[in-house]
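Chains as they are written, first to last, in full-length UniProt numbering: chain A, 1 to 294; chain B, 1 to 272. Even glycine gets a Cβ: it sits at the ideal position worked out from N, Cα and C. Below is one structure, written out as structure tokens; comments come after it.
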Amino acid sequence: MAAADMNAAGLRRDERAERWRLFGLSSPALLLVLVILVIPVGWLFYVSFIGADGNFSLENYERMVARKSYSRIFVTTFQVSILTTGLCILIGYPLAYFMSQLPVKWANLCLITVLLPFWTSLLVRTYAWLVLLQKQGLVNQWAISLGLWDEPLKFVHNMTGTLIGMVHIMLPFLILPVYGAMRAIDGDYLKAASNLGASPRRAFWTVFFPLSTPGLFAGSLMVFVLCLGFFVTPAVLGGGRVIMVSMKIVSNIELFVNWGAASALGVVLLLMTAVILWIASRFLKLEQMTGGGH
Amino acid sequence: MANWLKSPASETQVTHGQRLWLYVFAGIVMVLLVLPTLVVIPMSFSDSQYLEFPPETWSLRWYRHYFGSDEWMLATVTSVKTAVLTMLVATPIGVLAAYALHASKLPYVRAAFVMLITPMMVPVVLIAVGAFYAYVKLQILYTITGLVLAHTLLAIPLVVIVTGSALKGYDMNQENAARSLGAPRWRAFLTITLPQIRFAVVTSMVLSFLASFDEVVIAMFISGGDNPTLTRNMFNALRDQIDPTIAAISTLMILVTTLMMVLASLFGRGKS
């Protein structure tokens, strides 16, 4: 009896050791995240509380509240993020719906048009919009020759250009989860709704739409969070007129070598992102948010 | 045609005619998703200083300029080296991590997964600034090593997610059977498990390569000197003026991406 107990304890010990050994296989990846991400970002956190005189101070955060230029940056960041997310929903939802109604074979073909830009370099796509939207660009050329407007309109180096570029880049992040959620909806629910006398419109809004909201929610949050920290597209298409938080961080370091100010902005940006993702994780599984299902 | 318009399009008996607006709208959006990027391709073959569409005279002038420029060639070599090395580093350690999290049943697995996907959640500017600071201390600023480490960081979440979801669909009992027949764990993994998740591994490799090759913001901070990346130089050129050389480079980059995706879909076809 005692021998059997000892044997069981030994087996348990072995199993625990085995689990730890297996877990240890993830250590190279974890170590890399620790050294290149966690420690440096932790250091930024620390620096953000150091004032110009080298002592603990809140001046980097006070500056953000006190100075108009900083509050304007936060307003711009939210403006761009909200507008981009909204436009992505308005454009992406109907497209996802359209694809979800097609037979899978055709839908996959349409999906290529979503995936193709998804995998094309961000910089290349931003450059393409710069070329298209500039004063002598194709859009102005064609619109004027068609008589849509007489003078070349200014599309780049302002908010309009930034939004066009951002929406184009963010659309796949919205469409893919929404499409995934729509595909999972059982068509019999809609048949049942019509059978019970619901008009097509009513069946859509009371049955289909609510069932697609997890995907819509996941996609919108993803787009919003990505917009908050976006740099390349607003930097190129905004032409210095649309300044977002990430751009201010870069200029604080590249131009003013002010690590304190840059770090404080970084900490605020990180906290905003974390809070949104935390709220999202209350409603969604992590795997859904990362698109692991598709 | 008229019959088709009146035929039902969905479970709720909406006709195709009533849905015509949706078809038109979806068509326009799909064209707008793809065309803007592709327009760069014909423009890159123009002979003019200014980007024309369609070009009045065709030439390879901007390609010649690109291939003849030491600066662009140096950047291209850096980018390709970094992307290949990132692929070779990120894939094994990412696959290993995904396997570890899948097989080990310790309660810390969840926390480790969250930590491994944080690089995807943290704004990339912050990673860039943090890496810049760390690299000054570690004295690997402006080196390929530094670039590969930072890009591997970005690629790890992709590899862990792709491989992890493949492992979920894989029956671990097959590996257990091999081990009960006397194979050590590593051998059971290499001969039984790995061949069955190979599609996910190939996809992971392609994603890691592209994650590195297309990366801009981190490269802006930690590449330069003898090792500037292509994207860094392109971004700097974009801020100054619209140089048609960029159109030529963009066309080549589209080509590389497309090739990678075709490769992935050729070798990555299967359950995933």
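Beta-carbon proximity list for residue i, same chain, < 8 Å, skipping 5 on both sides
i	result
residue 239/A	156, 157, 158, 161
residue 4/B	16
residue 56/B	46, 47, 48
residue 202/A	193
residue 270/A	41
residue 319/A	Because chain A is modelled from 1 through 294, residue 319/A falls outside the range shown and cannot be assessed.
residue 198/A	206, 207
residue 163/A	80, 83, 84, 87
Of the listed residues the options, nearest to residue i (C-alpha basis)
i	options	result
residue 95/B	148/B, 33/B, 50/B, 166/B	166/B
residue 124/A	247/B, 261/B, 266/B	247/B
residue 281/A	7/B, 78/B, 114/B	114/B
residue 160/B	186/B, 205/B, 131/B, 182/B	205/B
residue 33/B	64/A, 19/A, 120/A, 28/A	120/A
residue 155/B	85/B, 30/B, 2/B, 231/B	85/B
residue 109/B	114/A, 140/A, 25/A, 192/A	25/A
residue 129/B	206/A, 279/A, 50/A, 261/A	261/A
residue 88/A	221/A, 236/A, 22/A	221/A
residue 22/B	139/A, 95/A, 149/A, 4/A	95/A
residue 89/B	207/A, 7/A, 28/A	28/A
residue 71/B	259/B, 251/B, 228/B	228/B
residue 350/B	5/A, 116/A, 46/A, 97/A	Outside the modelled stretch of chain B, which goes from 1 to 272, sits residue 350/B, for which no answer is possible.
residue 107/B	151/A, 147/A, 20/A	20/A
residue 151/B	164/B, 173/B, 162/B, 127/B	127/B
residue 79/B	230/B, 190/B, 125/B, 111/B	230/B
residue 266/A	279/A, 236/A, 235/A, 230/A	230/A
Short CB-CB distance (under 9 Å) between residue i and chain A
i	result
residue 39/B	yes
residue 144/B	no
residue 123/B	yes
residue 239/B	yes
residue 43/B	yes
residue 104/B	yes
residue 259/B	no
Extent of the continuous alpha helix (DSSP H) run through residue i
i	result
residue 215/B	No alpha helix (DSSP H) holds residue 215/B; DSSP gives it neither H nor E.
residue 142/A	138–146
residue 157/A	It is not in any alpha helix (DSSP H) - residue 157/A carries neither H nor E in the DSSP assignment.
residue 174/B	173–180
residue 144/B	144–168
residue 119/B	109–121
residue 215/A	209–228
residue 21/B	20–38
residue 280/A	259–283
residue 183/B	Careful: residue 183/B lies outside any alpha helix (DSSP H) and carries neither H nor E.
Chain B within 9 Å of residue i, Cβ atoms only
i	result
residue 79/A	no
residue 97/A	yes
residue 291/A	Model confidence at residue 291/A stands at a pLDDT of 48, short of 50, so the residue's coordinates are unreliable; what they give is reported in the following sentence. By this cut-off, residue 291/A is an interface position.
residue 43/A	yes
6 Å Cβ shell around residue i - same chain, five flanking residues per side excluded
i	result
residue 136/A	none
residue 181/A	212, 214, 215
residue 83/B	209, 212, 213
residue 118/A	172
residue 245/B	62, 65, 66
residue 185/A	211
residue 60/A	48, 260, 261, 264
residue 51/A	57, 59
Own chain, CB closer than 7 Å to residue i, minus 5 neighbours either side, in chain order
i	result
residue 9/B	15, 16, 19
residue 53/B	39, 42, 43
residue 169/A	122, 125, 233
residue 81/B	144
residue 209/A	none
Residue i CB to nearest heavy atom of the ligand HEM below 8 Å
i	result
residue 39/B	This structure does not include the ligand HEM; it has no bound ligands of any sort.
| query | How about the segment 152–167 of chain A and the segment 74–83 of chain A: do they share at least three Cβ pairs that are nearer than 8 Å? | reply | yes
| field | Touch test, the segment 221–240 of chain B against the segment 22–42 of chain B, Cβ-Cβ under 8 Å, three pairs minimum | value | no
| field | Contact the segment 217–232 of chain B vs the segment 142–158 of chain B: 3+ CB pairs below 8 Å | value | As far as the Cβ criterion goes, the segment 217–232 of chain B touches the segment 142–158 of chain B, which means the pair count is three or higher.
| Segment contact flag, the segment 245–260 of chain A with the segment 133–153 of chain A, C-beta cutoff 8 Å, min 3 pairs | no
| task | Could you tell me whether the segment 133–143 of chain B touches the segment 35–49 of chain A, where touching means 3 or more Cβ pairs closer than 8 Å? | result | yes
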